[in-house]
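J.: In my numbering, the protein residues as written are 343 to 710.
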Amino acid sequence: MNRNSEIVKTSLAGIGVNVLLAAFKFVIGLISNSIAITLDAVNNLSDALSSVITIIGTKLASKKPDRKHPFGHGRVEYLSAAIIAVIVLYAGVTALTESVKKIITPETPDYSTITLIIVAVAVAVKFLLGTWFISKGKKIASDSLIMSGKDARLDSLVSLATLIAAIVFTVCGFGIEAYLGVLISVLMIRSGIDMFRETLSHILGERPDRKMALAVKEVVNSFPEVSGAYDLVLHNYGPDILTGSVHIEVPDDMKMNDLDRLEREIADAVYKKCNVLLTGISIYSKNTGDNELGAMLNNIRRVVMSHENIIQMHGFYANPEKKEMRFDIVVGFEAGDRQELYDHVVNDIKELYPEYDLRVGFDADLSD
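1. Might you give, ordered along the chain, the residues of its own chain that have their beta carbon closer than 6 Å to the beta carbon of residue 649, omitting 5 neighbours on each side?
2. Mapping DSSP to helix, strand and coil, what is residue 626?
3. Alpha carbon to alpha carbon, what distance is there between residue 428 and residue 538?
4. With a floor of 4 residues, list each alpha helix (DSSP H) that falls wholly inside the region 345-395, ordered by position along the chain.
5. Just how far apart, CA to CA, sit residue 531 and residue 435?
6. Take every Cβ of the region 416-425, pair it with every Cβ of the region 482-490, and state whether three or more of those distances are shorter than 8 Å.
7. Using a 10 Å radius around the Cβ and a threshold of 16 neighbouring Cβ atoms, would you call residue 450 buried or exposed?
8. For a cutoff of 8 Å on Cβ pairs, would you count residue 621 as touching chain C?
9. In three-state terms, what does DSSP make of residue 454?
10. Shortest alpha-carbon distance to residue 347 belongs to which of 370, 398, 664, 385?
11. What residues in its chain sit with their C-beta under 8 Å from that of residue 655, if we drop five residues either side in the sequence?
12. Return the chain-ordered list of same chain residues with a C-beta closer than 7 Å to the C-beta of residue 392, the five sequence neighbours on each side being excluded.
13. Could you spell out the range, first to last residue, of the alpha helix (DSSP H) harbouring residue 532?
14. Could you tell me the distance, in whole angstroms, from the CA atom of residue 362 to the CA atom of residue 368?
15. Suppose you measure from the CA of residue 474 to the CA of residue 448; what does that come to, to the nearest Å?
16. Where are the alpha helix (DSSP H) runs, 4 residues long or more, that stay fully inside the region 448-518, in chain order?
17. Roughly how far, in whole angstroms, is the beta-carbon of residue 588 from the beta-carbon of residue 574, given that I think they are within contact range, below 8 Å?
18. Look up residue 432 in the DSSP assignment and give the residues it is bridged to.
19. Can you check which of these residues, 388, 360, 674, is closest to residue 463 by C-alpha distance?
20. Following the continuous alpha helix (DSSP H) through residue 691, name the residue where it begins and the one where it ends.
21. To the nearest angstrom, report how far apart residue 345 and residue 482 are at their CA atoms.
22. Applying the criterion that 16 or more other CB atoms from any shown protein chain within 10 Å of the CB defines a buried residue, is residue 689 buried or exposed?
23. Say whether the region 500-508 touches the region 516-527, bearing in mind that this needs 3 or more beta-carbon pairs closer than 8 Å, one atom from each stretch.
24. Whole angstroms is fine: what's the gap from residue 515's alpha carbon to residue 547's?
25. Can you have a look at residue 598 and say buried or exposed, based on whether 16 or more other CB atoms are within 10 angstroms of its CB?
26. So, with DSSP's three-state summary, where would you put residue 321?
27. Between residue 635 and the rest of its own chain, which residues show a CB-CB distance below 6 Å, the 5 nearest in sequence each way excluded?
28. Return the chain-ordered ranges of every beta strand (DSSP E) run that is complete within the region 565-590 and spans a minimum of 3 residues.
29. What whole-angstrom Cβ distance do residue 357 and residue 390 have, given they're in contact under 8 Å?
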C-alpha cells in the first residue's frame with residue numbers, strides 16, 4: 343500500500359463529498375432562511391479546504407531528502423495538520439459571531455419536509471466520512487487525515503443540532519437554532535484548540551510510542567552479547583521517518599572488531615524489523631569474571647532504588663584496582679527537584695564506598 347497515494351485518494355473523496363453537501367445546504371439555507379444550515383454549508387467548504395491542505399502537505403512531505411534536509415520533509419504533514427486545526431478554530435469563531443448576531447436580531451426560518459430529510463442525510467454522511475478519515479489516518483499514521491476526520495465528526499454534530507432545532511421549530515414553534523449555534527461554536531473552538539495543541543506536541547517532540555520503544559529494545563536485546571538496552575531516544579521526522587540512538591550493555595572483554603560487527607548487525611536488524619534508523623549505538627561495559635563485584639552491584643542497586651522517583655539504574659562498571667566506579671540512574675520527571683534527588687543518591691553511594699572515584703550519569707526517563 344502506497345501511503346501517500348492513500349492519503350490523496352481519501353482526501354479527494356472528502357473534497358467531492360463536502361462540495362456536494364455544501365451546495366445542497368447552501369441552497370436549502372437560502373430557501374428556508376436558516377442561518378444554521380447556511381453556516382453548516384460553510385463548514386463543509388472548510389472541510390473541503392482541509393482536504394486540499396492535506397493533499398498539498400502530503401505532496402510536500404514526500405519530497406526526497408536534500409543537502410539542507412537530509413532526513414526528508416516529513417514534518418510538513420504536522421504543519422498541514424496545524425493549519426487544519428486553525429481552520430477549525432476560525433470556523434468556530436465565525437459561527438459563534440453569526441449565531442450571536444441571530445440571537446440579537448432573530449429571523450424566522452421556514453423548514454420543509456425535504457429540508458429536514460436532506461439535513462438528516464447530511465448528518466449520517468458527515469459522521470461516516472469522519473469515521474472513515476480517522477480510521478484511514480490511524481492506519482497509515484496521518485495526523486492530517488485524523489484531524490480532518492475529527493473536524494467532519496464535529497460537523498456532523500453541527501448538522502444534528504441544526505436538525506434538532508428545525509424539528510423543535512416545526513413542532514413547537516420555538517426558534518432555538520441560534521442558541522444551539524452558540525453551543526456548537528464553543529465546542530468547535532475547543533476542538534480546534536485541542537487539535538492545535540496535539541499537533542504542536544508532535545512538532546515539539548514527544549516521548550516515543552510505548553509499543554515502538556519496546557519493539558526496538560526487544561530487537562536489540564535479542565542479540566546474545568547484549569545484556570541490556572537503555573536510554574533509547576527516537577526522533578520523529580514525519581509519521582514514517584524515525585531515527586534514534588540507544589545504549590547497549592556488553593561484556594568488558596569484547597574485542598573492537600566484534601563490537602563493530604555487533605553494532606552494525608543491531609542497526610540493520612532494527613531498521614528491517616522496526617523501520618527505525620539507529621544513528622548511534624553507545625556502549626556500557628559490563629564486568630565479567632568477578633563475583634565480588636556482583637555483590638557490590640546488588641548493594642549499590644538496593645541503595646539507589648530505595649529513593650522515590652528513581653526509575654532505573656544501569657550501566658554499572660567497577661574497577662577495584664583503580665578504585666573507579668560508574669553507572670547511570672534514571673530520575674523520573676515526577677521528582678520535585680531532580681538535581682537535588684540526583685545529588686542525594688550520589689552522596690549516599692559516596693558514604694557507602696568513600697574510597698572509590700564515583701561517576702554517576704544523570705539520565706532522564708526518555709522511553710519505556
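Even for Gly, the Cβ is constructed at its ideal location relative to N, Cα and C. None of these values were measured; they are calculated from a predicted model.
T.: In short:
1. What you label residue 649 is simply residue 307 of the sequence shown in a count that begins at 1. Within the same chain, residue 649 has close Cβ partners 687.
2. Numbered from its first residue, the sequence shown carries residue 626 at position 284. In the structure shown, residue 626 sits in a strand (DSSP, three-state: E or B).
3. Start at 1 with the first residue of the sequence shown, and residue 538 comes out as number 196. Start at 1 with the first residue of the sequence shown, and residue 428 comes out as number 86. Cα to Cα, residue 538 sits roughly 7 Å from residue 428.
4. 345-374
5. Taking the sequence shown and counting its residues from 1, one reaches residue 531 at position 189. Taking the sequence shown and counting its residues from 1, one reaches residue 435 at position 93. Their Cα atoms are separated by approximately 7 Å.
6. Three or more pairs of CB atoms, one per stretch, sit closer than 8 Å, so the region 416-425 contacts the region 482-490.
7. Taking the sequence shown and counting its residues from 1, one reaches residue 450 at position 108. By the neighbour-count rule (16 or more Cβ atoms within 10 Å), residue 450 is not buried but exposed.
8. Given the protein chain composition of this structure (a single chain), no chain C is represented.
9. Working through the sequence shown from its first residue, we reach residue 454 at position 112. Three-state DSSP puts residue 454 in coil, outside helix and strand.
10. Residue 347 sits at position 5 when you count from the first residue of the sequence shown. With distances taken between Cα atoms, residue 347 lies closest to 398.
11. Here residue 655 corresponds to residue number 313 of the sequence shown, with the count starting at 1. Within its own chain, the residues whose Cβ lies closer than 8 Å to the Cβ of residue 655, once the five positions on either side in sequence are excluded, are 642, 643, 646, 647, 669, 670, 671, 672, listed in chain order.
12. Here residue 392 corresponds to residue number 50 of the sequence shown, with the count starting at 1. Cβ neighbours of residue 392 beyond the five flanking positions: 426, 429, 490, 493.
13. As a position in the sequence shown, residue 532 is number 190, starting the count at 1. Residues 519-546.
14. As a working mapping, residue 362 is identified with position 20 in the sequence shown. As a working mapping, residue 368 is identified with position 26 in the sequence shown. The alpha-carbon atoms of residue 362 and residue 368 are separated by roughly 10 Å.
15. Your numbering for residue 474 matches position 132 in the sequence shown. Your numbering for residue 448 matches position 106 in the sequence shown. Their backbone Cα atoms lie some 37 Å apart in a straight line.
16. 455-481, 485-514
17. Your numbering for residue 588 matches position 246 in the sequence shown. Your numbering for residue 574 matches position 232 in the sequence shown. In this structure residue 588 touches residue 574 by the C-beta definition: roughly 5 Å separates them, less than 8 Å.
18. Here residue 432 refers to the residue found at position 90 of the sequence shown. DSSP, once it has assigned bridges, lists no residue as partnering residue 432.
19. Here residue 463 refers to the residue found at position 121 of the sequence shown. Nearest of 388, 360, 674 to residue 463, Cα basis: 360.
20. Position 349 of the sequence shown, counted from the first residue, corresponds to residue 691. That run of the alpha helix (DSSP H) goes 680-694.
21. The residue given as residue 345 occupies position 3 in the sequence shown. The residue given as residue 482 occupies position 140 in the sequence shown. Distance between the alpha carbons of residue 345 and residue 482: 6 Å.
22. Position 347 of the sequence shown holds residue 689. Its Cβ having fewer than 16 others within 10 Å, residue 689 is exposed.
23. yes
24. The sequence position of residue 515 within the sequence shown is 173, counting from 1. The sequence position of residue 547 within the sequence shown is 205, counting from 1. Approximately 53 Å between the Cα atoms of the pair.
25. Reading the sequence shown from its first residue, position 256 is the one you call residue 598. Under this definition residue 598 is an exposed residue.
26. The question about residue 321 has no answer, for the chain in this structure spans 343 to 710.
27. Here residue 635 refers to the residue found at position 293 when the sequence shown is read from its first residue. Within the same chain, 629, 660 come within 6 Å of residue 635 by CB-CB distance, once the 5 residues on both sides are set aside.
28. Counting whole runs of 3 or more residues, the region 565-590 contains the beta strand (DSSP E) stretches 570-578.
29. Translated into positions along the sequence shown, residue 357 becomes position 15. Translated into positions along the sequence shown, residue 390 becomes position 48. Sure, about 5 Å apart at Cβ, within 8 Å.
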